[in-house]
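Under our numbering, the first residue of the sequence shown carries the number 40, and numbering increases by one thereafter.
So the structure is just underneath, and the comments pick up after that.
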Amino acid sequence: MEEPLVLLMPFPAQGHIKPMLCLAQLLCHAGIHVTFLNTEHIHLQFTNRHAISAHFPSLRFESIPDGLPENHPRIRQNNPELIVSLTSVTKPLFKQLLVSSLEETTTAGGGSNVINCVIADCVLPFAIDVAQELGIPVIEFRTTSACYLWTTSFCIPKLLEEGQLPFKDNDDLDQPVTGVVGTEGVVPSTGLTGLLQGAT
40 MEEPLVLLMP FPAQGHIKPM LCLAQLLCHA GIHVTFLNTE HIHLQFTNRH AISAHFPSLR
100 FESIPDGLPE NHPRIRQNNP ELIVSLTSVT KPLFKQLLVS SLEETTTAGG GSNVINCVIA
160 DCVLPFAIDV AQELGIPVIE FRTTSACYLW TTSFCIPKLL EEGQLPFKDN DDLDQPVTGV
220 VGTEGVVPST GLTGLLQGAT
């Protein structure tokens, strides 16, 4: 019987790749074969992939184009060109990769490249959609910290409800925030993300 093969696809940024790589290593420890799919741009910068592969023989690194020119500054906040290019260029190539894997299952005996499951970064909805469309089990992986999820899902709505957000121009940002459980009276308003300051 073939070992299971999981394909992991992170968003091409360090804060997304590192948690996915940790997950890949844990899956390898559990006896699961993993293909870690990066964009070509990230793949070329990922200099320690050979050392990692030597330590985890069931971990294989692959790459896929992101469609941007070599000299494009891919990673900067809210980079719409990267998102558009990933959706228009990478999505069809990703689908082709999965279709090729599915075609191996129809050949006699299958093959070692048959993807049993896709674990995709939650900020790559096209990867989730393609896997679902092809009937491949897919898991959406969130690379954000528990603190971030707690803040954005629970604390910020409460601060909005209490009128502590959005900040007004005349607010004293040194005053402590009172609506974040566990930090009442300790964290100053300036401790919240700059995106919230001056929001309307």
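In this text, a Cβ means the ideal position worked out from N, Cα and C, and glycines have one as well.
- Task: Measure the alpha-carbon distance for V153 versus V162 and round it to whole angstroms.
- Result: Taking the first residue of the sequence shown as 1, we reach residue 153 at position 114. Taking the first residue of the sequence shown as 1, we reach residue 162 at position 123. Taking the straight line from one Cα to the other gives about 24 Å.
- Query: In terms of residues, what are the limits of the alpha helix (DSSP H) holding R88?
  - Reply: Position 49 of the sequence shown, counting from 1, holds the residue named residue 88. Looking at the DSSP string, the run of the alpha helix (DSSP H) that includes R88 is R88 to H94.
- Item | Inter-residue spacing [alpha-carbon to alpha-carbon] between Q214 and S184 | Taking the first residue of the sequence shown as position 1, residue 214 is located at position 175. Taking the first residue of the sequence shown as position 1, residue 184 is located at position 145. Taking the straight line joining both Cα atoms gives about 26 Å.
- Candidates T78, F85, V219 and I81: closest to P242 by CA position: Lying outside 40 to 239, the shown extent of the chain, residue 242 is not represented and no answer is given.
- Distance, Cα to Cα, D211 vs G221? Taking the first residue of the sequence shown as 1, we reach residue 211 at position 172. Taking the first residue of the sequence shown as 1, we reach residue 221 at position 182. Per the coordinates, the alpha-carbon of D211 lies some 21 Å from the alpha-carbon of G221.
- Item | The beta strand (DSSP E) enclosing E42, as first and last residue numbers | For the purposes of this step, residue 42 is taken as residue 3 along the sequence shown, with counting starting at 1. Neither: E42 is in no beta strand (DSSP E) and is coded neither H nor E.
- If you compare alpha carbons, which of M48, L44, P43 and E42 is closest to E179? Taking the first residue of the sequence shown as 1, we reach residue 179 at position 140. Comparing Cα-Cα distances from E179 to each of M48, L44, P43 and E42, the minimum goes to M48.
- Name the two residues that bound the continuous beta strand (DSSP E) containing L98. For the purposes of this step, residue 98 is taken as the residue at position 59 of the sequence shown. First-last of the beta strand (DSSP E) with L98: L98 to I103.
- Helix, strand or coil: which one does DSSP assign to C161? As a first step, residue 161 must be located in the sequence shown, where it is residue number 122. Here C161 sits in coil by DSSP.
- Three-state class that DSSP yields for H72 in the structure shown: Counted from its first residue, the sequence shown places residue 72 at position 33. Correct three-state label for H72: strand.
- Task: Have a look at S228, L121, V169 and A159 and flag the residue whose alpha-carbon is nearest the alpha-carbon of Q135.
- Result: Locating residue 135 in the sequence shown gives position 96, counting from the first residue. Closest option to Q135, Cα to Cα, is V169.
- Is P196 helix, strand or coil when you go by DSSP? For the purposes of this step, residue 196 is taken as the residue at position 157 of the sequence shown. Look at P196 here: in three-state DSSP terms it is helix.
- Item | Spatial distance of A147 from R181 (CA atoms) | Here residue 147 is taken as the residue at index 108 of the sequence shown, counted from 1. Here residue 181 is taken as the residue at index 142 of the sequence shown, counted from 1. Low confidence applies to A147: its pLDDT is 43, below 50, so where it sits in the model is not reliable, and the reading given next is rough at best. Each residue's Cα considered, the two are about 36 Å apart.
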